[in-house]
Amino acid sequence: MLLVHLSNINKIYQTSHDLKFQALKNISLSIDSGEFVAIMGPSGSGKSTLMNILGLLDKPTSGSYKLEGEDVAHLSEKVMAEIRNKKIGFVFQQFNLLNRTSILDNVTLPLIYGGIDNQERITKAKKALDQVGLSDKLENRPNQLSGGQQQRAAIARALVTDPQIILADEPTGNLDTKTGQQIMEIFRKLNNEGKTIILITHEVDIARYAKRTIRVRDGEIK
Amino acid sequence: MNHLETFRVAMAAILANKMRAFLTILGIMIGVLSVILLTSLVSGLKTTITKQIAGLGSNLVIVVPGRIGGSRSPGGVQANRLTFADAINLKNKLRQDAQVCAVVQKTGTLKRLNINDKGAAIFGVQANYEKIISLKTEKGRFINEADVTSGRRVVVIGATVVKNLFGTASPLNQTIKIAGINYVVIGIAGSRGSIFGIDQDNSVLIPLTSAQKQFGITSPNTIYINALKAENVKDIQAKAKAILNKRLTEDDFSVLTQEQALSTISTVTNVLTLGLGGIAAISLIVGGIGIMNIMLVSVTERTREIGLRKALGAQTEDIRNQFLIEAVTLSGIGGIIGIVLGILLSLLINNFLQTTITWWSVLLSFGFSMIVGIVFGVAPAVRASKLDPIQALRYE
C-alpha cells in the first residue's frame, strides 16, 4: 500500500533579500507501507531538508506530499503538529531525551500531547520499552544510561504512538560501531514486524540495513 | 493536552530548579508583603486617629490656625494668626449655644528629683477642657476656674508621666519641674493610648494662663467649641467662621466639625496609602521583571526541549501555556507567601503600633502579583511557543 508519495517537491530558502538557495529540486518518490528505506547523501545534500518535509516539520515551497493518500504539503501548524503526533515517530542523532525526567515519562511524552489518559499512557509506554529491551530502566534518568540505551529509549518514544512512519535521522551518529549495529538490529526487527522505517544517513554500512536506498545529492535524487 | 497536564509539566520544570524558583518567588513575595504591611500600618493609623476624634463627641467644632482642605491650600509653614482675643470673642458671642476652650501646646522636659522625662507634651488648657474633650481625671481633680484665673502652678499628669517620674509612688500633691518651673500635681488623667507610636499619655495639662506666662505664648493652637445641642453644630460652625472672618482672612484659620476632621484625616491617610502602597507596588513590578528575566533564560536553556516537544506533537498553545503557567505559578506562590508573612508581620507590629489588615489590600496585592506573573510571563511564553522546531532541535 502506498504510504508516502512525493511529487515535484521543491524547497527554496530565501537566505537574504536577493539570494536564494534551492535545497530540494523536483523530488519525487514513493514509499510503501512496511518498507525500510535509507535516504543517503553527504552533508549538504538536502537529505535533512527532505527528512523535515517527510516529518512535517517543514513545508515544501512547491510540489505535493501525500501521506496515506491525504495531501499534507500545505496544512496549518496545528494540523501538522497533530499529524506528527499521531503518524510519525522521530528518532534523532542526539537522542533528545529530557534529562530531568524518568525514561518512562520520556516515553509517555508524545501520548500526553495526543490526549491519552494517564493509565493508558503508562501501559503503552511500558510495552514500547519492553520492545526495545529497557523494561528494567523505567525509573532511571536518561543520563544514568549508556548511549545505546538512551537511543533505545528514544526508539521506544517513537514507537509508543504506533505511528505509520518511523523517521530516524542519523540514529547511530553518536554511537560506537557495535552499539550502532545493535540499534540497527532493533530497526530491522521492527521492520520485520511491519513498521515502515525511513532512515537518514551518510554511512554506507548503516544504509545497508535498509531494503532500499535512495541517494540524494545537491538536492536531487540520483 | 489538558490544563492539568500542562500544569504538571510546569511544576516539574519549577521543581527542577528549586534555587532559581525560590529567588524568583522572593521578589514577588517581598512586593506583596510590603504592600500589605504598609497599607495595614496606614489603616492602623487611620483607625487610631478616627477613634480619638470620634471620642471627642459629635458636638465639637474645632478651630485651628491655617487653611486645611479646600482646593487652594497655601504651601509652607504659616504664622499662627489666631489670638486669645479671638477665643474670648467666640466665647462671648456663642455664650448661649456653646462652651469655648482655647488650648496651647508645647514640648518640654519634665523633672522630678533627678529623673528626667524628655519630650513630653505640655498642654495649657481651660477648666472646661475636661468636659469638652471627654477626658477623665482618674485620681485627684482637674484644673478649675480658680486655677486658670490666678495662673496657679498646678498640673494634671498622664499615665506615662506617672510611670516615668513616680514609678509606683503616689504623685498627688508632689512637685515636678515643667521646663524648669515647679508645679504641684493635682490629678492624673485617664489613659488615651498612642497614635502611630506617639504616646498620648506622655503629656501634662496645666492652666492656660500659667502656660502663657511661662512660655510667652500669644496664640492658641486650637480652640474647641462644644455645641450644647447636636443639631446646632452646623450653625455654630457658620457663626464661628463669621466671627473670625471679621478680623482674619479665610487662609488664617479653619473651622472644622468632627465629621470634617474625620474626612480630613481620611484624605491624608488615603494619600499615605496610595503613596506608600505605590512604592510597595513598584517592588512588585521589579519582582515581575525578575520573573521575566528568569523565564527568558529558561526558554533559551530549554530551546532543544521545546523543539523536541513540538516535534512530538505539542501545539503552539501547549508550549505557551506551559511557560505562562510556570510564570504565574511562581508569582502566585510568591503572592501567597507574601500574604501570609505580611499578615503575620502586621500582627506582630500590632503589639507596638496599631495595624489594621485590610481585605482589599490582601486581594489587591495578590491579584496584582498574578497580573504581574501573566504580564511578564507572556513575552517569554510567546517566544518559546514561536520557536521553529527544526531550529530549536539543532540548538546547542
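Just so you know, the sequences run in chain order A and B.
Residue numbering for the first sequence follows our numbering, starting at 4 and increasing by one per position.
Residue numbering for the second sequence follows our numbering, starting at 645 and increasing by one per position.
The C-beta atom is built at its ideal place from N, Cα and C for all residues, glycine as well.
No experiment lies behind these values; they were computed from the predicted model shown.
Three-state secondary structure (DSSP) at residue i?
i         : result
MET673/B  : helix
GLY831/B  : strand
MET187/A  : helix
ARG756/B  : strand
LYS28/A   : strand
LYS775/B  : helix
SER715/B  : Here the model assigns SER715/B a pLDDT of 45, short of 50, so the residue's position is not dependable, and the following value carries that caveat. Three-state DSSP puts SER715/B in coil, outside helix and strand.
LYS23/A   : strand
ARG1038/B : helix
LEU892/B  : coil
SER898/B  : strand
VAL135/A  : coil
TYR212/A  : coil
GLN844/B  : coil
PHE39/A   : strand
ALA958/B  : coil
ILE217/A  : strand
LEU667/B  : helix
GLY58/A   : coil
GLN740/B  : coil
LEU148/A  : coil
VAL748/B  : strand
ILE119/A  : coil
GLU196/A  : coil
GLU85/A   : helix
Taking C-beta pairs closer than 8 Å, name the residues in chain B that residue i reaches, listed in chain order.
i        : result
PRO113/A : LEU956 and GLY957
Can you tell me where the beta strand (DSSP E) with residue i in it begins and where it stops?
i         : result
TYR16/A   : 5 to 19
GLU782/B  : 781 to 784
THR866/B  : 866 to 871
SER942/B  : Unbroken run through SER942/B is the alpha helix (DSSP H), 902 to 945; no beta strand (DSSP E).
PRO709/B  : 704 to 709
SER1029/B : Counting along the chain, SER1029/B falls outside any beta strand (DSSP E), though it belongs to the alpha helix (DSSP H) covering 1003 to 1030.
PHE93/A   : 91 to 94
VAL792/B  : Note, VAL792/B: premise wrong, no beta strand (DSSP E); alpha helix (DSSP H) at 789 to 793.
ASP172/A  : 168 to 172
ILE200/A  : 199 to 204
VAL798/B  : 798 to 801
What in chain A is Cβ-close to residue i, meaning under 7 Å?
i        : result
ALA660/B : ARG103
GLU970/B : Residues of chain A passing the Cβ test: none, with the nearest at roughly 14 Å.
GLU649/B : ILE115
LEU682/B : Result: empty, since nearest Cβ-Cβ is about 40 Å, beyond 7 Å.
GLU949/B : LEU101
LEU952/B : ASN99
Which chain A residues are close to residue i, counting only those with a beta carbon under 8 Å from its beta carbon?
i         : result
ILE1034/B : ASN55, LEU60 and ASP61
ALA656/B  : ARG103 and THR104
LEU1031/B : Here the premise fails: no neighbours, minimum Cβ distance about 12 Å.
May I ask which residues mark the beginning and end of the alpha helix (DSSP H) holding residue i?
i        : result
LYS821/B : That residue, LYS821/B, is in no alpha helix (DSSP H); its beta strand (DSSP E) goes 819 to 822.
THR164/A : No alpha helix (DSSP H) holds THR164/A; DSSP gives it neither H nor E.
LEU700/B : Premise fails: LEU700/B is in no alpha helix (DSSP H) and is neither H nor E.
VAL653/B : 647 to 659
SER67/A  : Taken as a continuous stretch (DSSP letters only), SER67/A belongs to no alpha helix (DSSP H), being part of the beta strand (DSSP E) at 65 to 70.
ILE115/A : 106 to 116
THR853/B : 852 to 859
Mind listing the chain B neighbours of residue i? Cutoff is C-beta to C-beta under 7 Å, in chain order.
i        : result
ASN146/A : Neighbours of ASN146/A on chain B: none; closest Cβ ~13 Å, over 7 Å.
ARG155/A : By Cβ distance, chain B contributes nothing, its closest Cβ being about 17 Å from ARG155/A, past 7 Å.
ASN88/A  : LEU956 and GLY957
Given that residue i touches chain A, what residues does it touch there, using C-beta distances under 9 Å?
i        : result
THR960/B : GLU80, LYS81 and ALA84
Between residue i and the ligand COA, is the CB less than 8 Å from at least one heavy atom?
i        : result
LYS181/A : The ligand COA is absent from the structure shown, which contains no ligand whatsoever.
So which residues of chain B does residue i contact, with C-beta pairs closer than 9 Å?
i       : result
PHE95/A : LEU952, ALA955 and LEU1037
The region 959 to 966 of chain B in contact with the region 1027 to 1035 of chain B per 3-pair CB rule at 8 Å: yes
Inter-stretch contact (C-beta, 8 Å, three-pair minimum) for the region 989 to 1004 of chain B and the region 933 to 946 of chain B: no
Cβ pair count under 8 Å reaching 3, the region 38 to 57 of chain A against the region 210 to 225 of chain A: yes
Meets three-Cβ-pair contact criterion under 8 Å: the region 779 to 796 of chain B and the region 877 to 888 of chain B: no
Validate contact between the region 911 to 921 of chain B and the region 679 to 699 of chain B using beta carbons, cut 8 Å, 3 pairs: yes
Three-pair Cβ contact test at 8 Å for the region 113 to 120 of chain A versus the region 81 to 96 of chain A: yes
Given 8 Å, three or more beta-carbon pairs between the region 734 to 748 of chain B and the region 759 to 774 of chain B: yes
The region 794 to 812 of chain B in contact with the region 843 to 851 of chain B per 3-pair CB rule at 8 Å: yes
At least three beta-carbon pairs within less than 8 Å, the region 858 to 865 of chain B to the region 690 to 699 of chain B: no
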